[in-house]
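What follows is a single structure, written as structure tokens, with notes after it.
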Amino acid sequence: MKSAGEDVSKSVEWIKSVQNPDGGFPWVEGEKSDCDDTSAAIQLLMLAGEYRAVDRAIEFLRTCQNPDGGIKYFGESASNSASDSWAIQALVSAGENPMNFSRNSSSVLQHLLSLQTAEGYFNYTAYEISNPGYMTTSAIMALLGKYHPIKILPVYKSTLVLERNKTITMPMEIFTETGIDELTFITDSAANLTVSVERLKEVPDKIRLENAILYLSINVTPSNVSGYIKFAVPRDSKGSYVLMKFNGSNWIRLETEPLGFDDSYNYYRAYTPSFSIFAIAEERQVMPTVQITPPHEGKVETPKTAESPSKEIAEHASVDFKLLVVLGIAIAAFLVGLALWLRR
Numbered sequence: 179m180k181s182a183g184e185d186v187s188k189s190v191e192w193i194k195s196v197q198n199p200d201g202g203f204p205w206v207e208g209e210k211s212d213c214d215d216t217s218a219a220i221q222l223l224m225l226a227g228e229y230r231a232v233d234r235a236i237e238f239l240r241t242c243q244n245p246d247g248g249i250k251y252f253g254e255s256a257s258n259s260a261s262d263s264w265a266i267q268a269l270v271s272a273g274e275n276p277m278n279f280s281r282n283s284s285s286v287l288q289h290l291l292s293l294q295t296a297e298g299y300f301n302y303t304a305y306e307i308s309n310p311g312y313m314t315t316s317a318i319m320a321l322l323g324k325y326h327p328i329k330i331l332p333v334y335k336s337t338l339v340l341e342r343n344k345t346i347t348m349p350m351e352i353f354t355e356t357g358i359d360e361l362t363f364i365t366d367s368a369a370n371l372t373v374s375v376e377r378l379k380e381v382p383d384k385i386r387l388e389n390a391i392l393y394l395s396i397n398v399t400p401s402n403v404s405g406y407i408k409f410a411v412p413r414d415s416k417g418s419y420v421l422m423k424f425n426g427s428n429w430i431r432l433e434t435e436p437l438g439f440d441d442s443y444n445y446y447r448a449y450t451p452s453f454s455i456f457a458i459a460e461e462r463q464v465m466p467t468v469q470i471t472p473p474h475e476g477k478v479e480t481p482k483t484a485e486s487p488s489k490e491i492a493e494h495a496s497v498d499f500k501l502l503v504v505l506g507i508a509i510a511a512f513l514v515g516l517a518l519w520l521r522r
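Going by this note's numbering, the sequence shown runs without a break in its numbering and finishes at 522.
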């Protein structure tokens, strides 16, 4: 719940209230402390910043370590891989080195590794195989140094009143994860908007883009809102980038303009008629945006290919005819003059 942004203060207070005088935690209020529930509680209390309670719990955890270095579940039970894994996660969450958590020169980490078989899975104890799938998955998380809660991708949520247009800036955590710097919302009338922004860890293979570097979900309610998305791409990324929008069946390239850069990022802005799923993609692998230019009304252009040769032929024919007429008149005048001279 904490990793999802929910208030866990009441849960933390309850967990603290059931801590036993020995520093450990029971599986249910009023019972004796056990090692697995104590390890789980340590991870929760570290997240809540309850360090005094954590110190007491770690002291109890030391009493859970058997002579072989492994961790038992409770009482006089044998060391087992599940309890080893829980303890390692708790120690890592508290900043402790599991290699230093040892007894008789054998650490809890060494004991866990001793339970791995040649096939790769982990036994429950040194002499018992039980639920190897669970034991192995628990061991993997511990050996990777991972602990609860598992970090989830951050989600931005906001409610705002929109008059005509409004620009909001993303928190640094959201900007770092999604690349979204600003959102500008545009509407014709006042509206109460609910906005959420998150990075999509995975998308179905059938809508995956080969040139996309990340996918985003930007949901806005009500849906009749358009706007601009300002996003950033690290400067060490080669090429230029565009914003793609998924319309439910196809990806559409949005007209994207470069805005400039700083020491770390190149910035872009794209207009979108609505908000849904988006992808930031490399421009060099995207088909060019189709530019539709409306036709000019009231103007029809006549083709010139057939008209020009005909006009030139007609002009040449007219000139030739005029020359013949002038020449004929000149000959006739000469003959008349010659006849008059002979009569003398």
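Built from N, CA and C at the ideal position, the CB exists for glycine as well.
Computed from a prediction, not measured in an experiment: that's the story for all the values here.
Sub-9 angstroms separation of residue i and residue j beta-carbons
i       : j       : result
Leu-361 : Gly-405 : yes
Pro-332 : Ile-346 : no
Gln-267 : Met-319 : yes
Ile-455 : Lys-416 : no
Thr-380 : Ser-395 : A small fix is needed here, since residue 380 is Glu in this sequence, not Thr. No; because the gap between Cβ atoms is not below 9 angstroms, this pair is not in contact.
Phe-453 : Ser-401 : yes
Lys-194 : Ala-218 : no
Ala-260 : Tyr-302 : yes
Ala-304 : Ala-390 : no
Val-411 : Val-373 : no
Pairwise C-alpha distance: residue j and residue i
i       : j       : result
Leu-340 : Met-350 : 23 angstroms
Asp-233 : Leu-322 : 23 angstroms
Asp-212 : Ile-328 : 23 angstroms
Phe-409 : Asp-246 : 55 angstroms
Leu-223 : Glu-209 : 20 angstroms
Ile-385 : Tyr-393 : 11 angstroms
Val-186 : Pro-436 : 43 angstroms
Ala-235 : Ile-220 : 7 angstroms
Asn-282 : Pro-276 : 14 angstroms
Ser-285 : Glu-228 : 26 angstroms
Leu-239 : Asn-278 : 13 angstroms
Val-190 : Gly-202 : 15 angstroms
Asn-444 : Glu-355 : 15 angstroms
Ile-430 : Pro-451 : 11 angstroms
Ala-448 : Thr-434 : 4 angstroms
Glu-388 : Leu-378 : 15 angstroms
Reduced DSSP secondary structure (H/G/I, E/B, other) of residue i
i       : result
Ser-336 : strand
Val-270 : helix
Val-403 : coil
Met-348 : coil
Ile-455 : strand
Val-190 : helix
Ala-369 : strand
Glu-475 : With a pLDDT of 37 at Glu-475, under the threshold of 50, the modelled position of that residue is not reliable, and no figure is offered here.
Thr-483 : Low confidence applies here, because Thr-483 scores a pLDDT of 39, under 50, leaving its location unreliable; read the following figure in that light. If DSSP states are grouped into helix, strand and coil, Thr-483 belongs with coil.
Thr-303 : strand
Gln-221 : helix
Leu-239 : helix
Ile-249 : strand
Leu-378 : strand
Glu-254 : coil
Ile-318 : helix
Paired residues, beta bridge with residue i - DSSP
i       : result
Asn-444 : Val-411 and Phe-439
Met-422 : Arg-431 and Ala-457
Ala-390 : Ala-459
Val-398 : Val-373
Asp-212 : Phe-203
Thr-450 : Gly-405
Thr-362 : Thr-345 and Tyr-406
Gln-294 : Phe-300
Ser-280 : Ser-285
Buried versus exposed, by CB contacts within 10 Å (16 or more), residue i
i       : result
Trp-205 : exposed
Leu-421 : buried
Asn-258 : buried
Ala-296 : exposed
Asp-215 : buried
Asp-383 : exposed
Ala-127 : Past the edges of the chain, shown from 179 to 522, lies residue 127, and the structure says nothing about it.
Asn-244 : buried
Residue i Cβ short of 8 angstroms to the ligand PLP heavy atom set
i       : result
Pro-332 : Absent from the structure shown: the ligand PLP. Ligands present: none.
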